[in-house]
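Contents: one structure, followed by commentary.
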Amino acid sequence: MDKVSIVDCSCYEEELVYRSVKDAVEKIGFELPSDKRVLIKPNIMSQNRPEQHTITHFQVVDAICRLLREKGNEIIIGESIAFYQKGLAMKAFETSGIGEVARKYRAKLVGFEDIELVRFTRDDSDIVGLDEIFIPKILLDFDMVINACKLKSHSAMRFSGAIKNMFGCLPGGYKQKIHLWTHNEFELSDVFIDIHKIIKSELSIMDAIVGLDGGPTAMGKKVNTKMIIASENPAALDVVAATMIGYKTGELPILLQASKRGMIKSFEDIEIIGHKRDFHFKRLVKKDLDKPFDSDSIFVKHTYVDLEVDSRICSLCGKCKDSCPVKAVSKKNGGVHIDATRCINCYHCMSICPENAIEINPTPMNRLIWVIRKVTGL
Ligand code: SF4
Ligand code: SF4
């Protein structure tokens with residue numbers, strides 16, 4: 003039977019959070035590894051600050067790092083942000099306070115924004131959301147992955163917890179493309195579950211000390227839920243957390259798909275260690291479950307950034323062509339051409355080009371997001 007622990011934690015005071023996280027992990031009987039390489043995947047999302055409660059609080063990440071370092075583990079903290087902007091993942095580590103935590107525990111920070119990807123298909127893996135999915139290669143090299151998620155109700159996907167958090171492992175531009183290719187919450191939920199089937203986070207720890215009602219952005223309202231929740235099964239954790247804020251399991255495509263695909267045996271058959279409570283998140287989304295996504299939405303259609311090759315400085319070395327996971331790069335008419343219809347916007351070619359000849363060609367929507375980010379610092 004899946005176990006989910008719920009531990010009281012009234013605020014983000016360092017020692018209290020450390021004890022609560024430790025307690026939550028021990029209560030589910032999970033043994034942290036020793037002398038291994040462990041990746042922590044927090045939910046950072048953008049250049050948000052801890053007091054906005056849109057992101058996994060740095061004290062929760064600090065507590066996880068401390069527990070891991072006590073056992074001699076090497077720590078890597080990784081995230082990609084929504085709406086690609088070069089270098090912003092590293093900046094977001096700083097605004098979130100997680101950069102400072104990484105220095106304290108000598109953890110390495112990795113932005114999953116323009117890195118090498120590995121292809122998985124329906125034929126060689128247990129994926130169903132799309133015909134193929136590309137996962138950062140680095141994510142397949144860890145001994146263990148800890149999913150450090152945040153409790154939020156979500157204006158588009160209803161609920162954001164442990165299952166959805168791992169979507170942030172994909173580069174930002176690629177995430178936007180996946181939003182374009184999926185047609186409703188069931189299909190997008192299947193992609194989230196595909197990522198779990200490949201990456202397999204062994205431990206999920208939710209920052210539910212302050213939850214966000216009406217997230218995922220800072221427009222949401224904070225709710226003092228005062229808990230740390232932990233489980234080995236991200237789906238079981240989400241069942242417990244989502245029902246505590248007011249959802250029924252049948253109202254969440256993400257949980258229905260998790261159940262259908264065997265991620266969780268039964269919604270009822272979960273051993274809860276601790277006290278389940280009821281919170282009144284007022285902004286729960288109650289639209290029809292299979293309502294199609296608005297494929298013409300500017301946030302879906304116009305937020306990934308196309309690439310252009312500057313033929314004046316390109317040396318025709320071919321590295322971009324060799325490294326492209328979808329073969330979107332070709333040599334044509336004495337130059338290099340990127341086929342935007344094939345490109346998945348992983349931006350890896352841009353990061354490895356020795357001449358810096360690949361440039362981004364942002365849409366007006368992206369320019370607007372960048373201006374908003376610059377003005378607001380978010
Ligand atoms: S990697 Fe850069 S320099 Fe090499 S072919 Fe591609 S665009 Fe040109
Ligand atoms: S051309 Fe290829 S490597 Fe470059 S961003 Fe597109 S998919 Fe990625």
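Residue numbers (my numbering): 3 to 380. Every residue, glycine too, gets a C-beta built ideally from N, C-alpha and C. Remember, predicted model here, so these are calculated numbers, not experimental data.
**Request:** Report yes or no: do three or more beta-carbon pairs, one from the segment 171 to 189 and one from the segment 346 to 356, lie closer than 8 Å?
**Result:** The answer is yes - the segment 346 to 356 touches the segment 171 to 189, with three or more Cβ pairs under 8 Å.
**Asked** Do you know how far the Cα of ARG314 is from the Cα of MET229?
**Response** Cα atoms of MET229 and ARG314: separation of roughly 57 Å, rounded to the nearest angstrom.
**Request:** Can you give me the start and stop residues for the alpha helix (DSSP H) that CYS322 sits inside?
**Result:** First-last of the alpha helix (DSSP H) with CYS322: 321 to 325.
**Message:** Could you tell me the alpha carbon to alpha carbon distance between ASP196 and LYS139, rounded to whole angstroms?
**Reply:** C-alpha separation (whole angstroms): 15 Å.
**Asked** Can ILE100 and ILE66 be called in contact, C-beta distance under 8 Å?
**Response** No, they are not a contact pair.
**Same chain only: Cβ atoms within 7 Å of ILE274, ignoring 5 sequence neighbours per side** = Hits under 7 Å: VAL6, ILE8 and VAL242.
**Within 8 Å, strictly: CB atoms of ASN235 and ILE200** = Result no, Cβ atoms of ASN235 and ILE200 do not sit closer than 8 Å.
**Request:** Give a single yes or no on whether CYS345 has its beta carbon closer than 7 Å to a heavy atom of ligand 1.
**Result:** Not under cutoff, so the answer is no.
**Request:** Identify every run of the beta strand (DSSP E) within the segment 191 to 247, keeping only runs that are complete inside it and at least 3 residues long; order them along the chain.
**Result:** Those beta strand (DSSP E) runs which fall completely within the segment 191 to 247 and span 3+ residues are 205 to 217, 223 to 225 and 229 to 233.
**Asked** Quick one: is LYS24 buried, meaning 16 or more other Cβ sit within 10 Å of its Cβ, or exposed?
**Response** LYS24 comes out buried.
**Item:** Span of the alpha helix (DSSP H) around LEU258
**Value:** In the DSSP assignment, LEU258 falls within the unbroken alpha helix (DSSP H) covering 255 to 262.
**Item:** Contiguous beta strand (DSSP E) assignments of at least 3 residues, all confined to the segment 305 to 362
**Value:** As far as the segment 305 to 362 is concerned, its whole beta strand (DSSP E) runs of at least 3 residues are 308 to 311, 331 to 334 and 337 to 340.
**Asked** Using the beta-carbon count (16 or more within 10 Å), is CYS13 buried or exposed?
**Response** Under this definition CYS13 is an exposed residue.
**Item:** Alpha carbon of ASP143 to alpha carbon of ASP292, nearest angstrom
**Value:** Going by the C-alpha atoms only, they are around 36 Å apart.
**Asked** Is LYS321 near ligand 1, in the sense that its beta carbon is under 7 Å from a heavy atom of that ligand?
**Response** Yes, since a heavy atom of ligand 1 falls inside the 7 Å radius drawn around the Cβ of LYS321.
**Prompt:** Sorted by chain position, which residues of the same chain lie with C-beta nearer than 8 Å to SER427's C-beta, five sequence neighbours on each side aside?
**Reply:** For the chain, the structure presents residues 3 to 380; residue 427 sits outside this window and is missing.
**8 Å contact criterion, which ALA26 and ALA232 should meet: CB distance rounded** = Taking C-beta atoms under 8 Å as the contact rule, ALA26 and ALA232 qualify, at a distance of about 4 Å.
**Prompt:** My guess is that ILE383 and ILE207 are in contact by the Cβ rule of under 8 Å, so how many angstroms apart are they, rounded?
**Reply:** The chain is shown only over 3 to 380; residue 383 falls outside these bounds and no answer can be derived.
**Asked** How would you call GLU96, buried or exposed, if buried means at least 16 neighbouring beta carbons within 10 angstroms?
**Response** Label assigned to GLU96: exposed.
**Asked** Would you say the segment 161 to 172 touches the segment 70 to 78, given that touching needs at least three Cβ pairs under 8 Å?
**Response** Fewer than three Cβ pairs drawn from the segment 161 to 172 and the segment 70 to 78 lie within less than 8 Å of each other, which leaves the two stretches out of contact.
**Prompt:** By how many angstroms is the C-alpha of ILE137 removed from the C-alpha of TRP372?
**Reply:** Taking the straight line joining both Cα atoms gives about 26 Å.
**Asked** Pick from ILE30, THR227, MET221 and PHE283: whose alpha carbon is nearest that of LYS250?
**Response** Ranked by how close their Cα comes to the Cα of LYS250, the residues ILE30, THR227, MET221 and PHE283 have PHE283 in first place.
**Item:** Same chain, Cβ closer than 7 Å to GLU15, five either side skipped, listed in chain order
**Value:** Hits under 7 Å: none found.
**Through-space distance from ILE360 to GLY248, alpha-carbon basis** = Near 47 Å, if we compare the C-alpha coordinates of ILE360 and GLY248.
**Request:** Grab me the residues of ARG68's own chain with a C-beta within less than 8 Å of its C-beta, minus the 5 sequence neighbours each way, in chain order.
**Result:** Once the five neighbours on either side are set aside, the close Cβ partners of ARG68 are TYR20 and TYR107.
**Request:** Go through the segment 21 to 89 residue by residue and report every complete run of the alpha helix (DSSP H) that reaches 4 residues or more, in order.
**Result:** Listed in chain order, the complete alpha helix (DSSP H) runs (minimum 4 residues) inside the segment 21 to 89 are 60 to 72.
**Prompt:** Hey, would you say the C-beta of ILE360 is under 7 Å away from at least one heavy atom of ligand 1?
**Reply:** Indeed, a heavy atom of ligand 1 lies less than 7 Å from the Cβ.
**Asked** Out of curiosity, what's the CA-to-CA distance linking GLU134 and ARG160?
**Response** Between the alpha carbons of GLU134 and ARG160 lies a gap of roughly 25 Å.
**Request:** Within its chain, find whatever has a CB closer than 7 Å to the CB of ASP215; leave out the 5 residues flanking it on each side and keep chain order.
**Result:** Within the same chain, ASP215 has close Cβ partners SER155, GLY222, LYS223, VAL225, PHE283, LYS284 and ARG285.
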